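Visitor: What follows is a single structure, and I will ask about it in a moment.
In the numbering used here, the protein residues as written are 420 to 528.
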């Protein structure tokens, strides 16, 4: 895939993350937000990614999607658990050592 296409997709995904963060800031309890499954947002982002590829081949899609979802998942879970890694690991269904490795991987340690 061309670097410019990949960059455009990443920018669009980051823009979507910022819009989601703005929604959360405007309504911290998410009471007025319509419940939309996370899978719908992921599907929409992936469809957009494929649409922007045009004639290019998709490469590294799994790693790109996992990293785009995993980092905010870890951040939100740490916040939820009061930065208690034992509680966060339990909430995520991970061992504490796996959680620590992931936090290090994303620069969250």
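C-beta: ideal position from N, C-alpha, C; glycine also. Values in this document were obtained by computation on a predicted structure and should not be read as measured data.
1) Examine the Cβ distances between the stretch 469 to 482 and the stretch 497 to 509 and report whether three or more of them are shorter than 8 angstroms.
2) With distance defined between alpha-carbon atoms, name the residue in 481, 482, 513 nearest to residue 496.
3) Are the CB atoms of residue 521 and residue 493 within a distance shorter than 8 angstroms?
4) So is residue 515 buried or exposed if we call it buried at 16+ other beta carbons inside 10 Å?
5) Quick check: residue 488 and residue 465, are their CB atoms within less than 8 angstroms of each other?
Guide: According to the data block:
1) no
2) As a position in the chain shown, residue 496 is number 77, starting the count at 1. Nearest of 481, 482, 513 to residue 496, Cα basis: 513.
3) Mapped onto the chain shown, residue 493 falls at position 74. Mapped onto the chain shown, residue 521 falls at position 102. Their beta carbons are under 8 angstroms apart, which means residue 493 touches residue 521 by this criterion.
4) Here residue 515 is taken as the residue at index 96 of the chain shown, counted from 1. Classification for residue 515: exposed.
5) Along the chain shown, one-based indexing puts residue 488 at 69. Along the chain shown, one-based indexing puts residue 465 at 46. Not a contact, by the Cβ cut-off of 8 angstroms.
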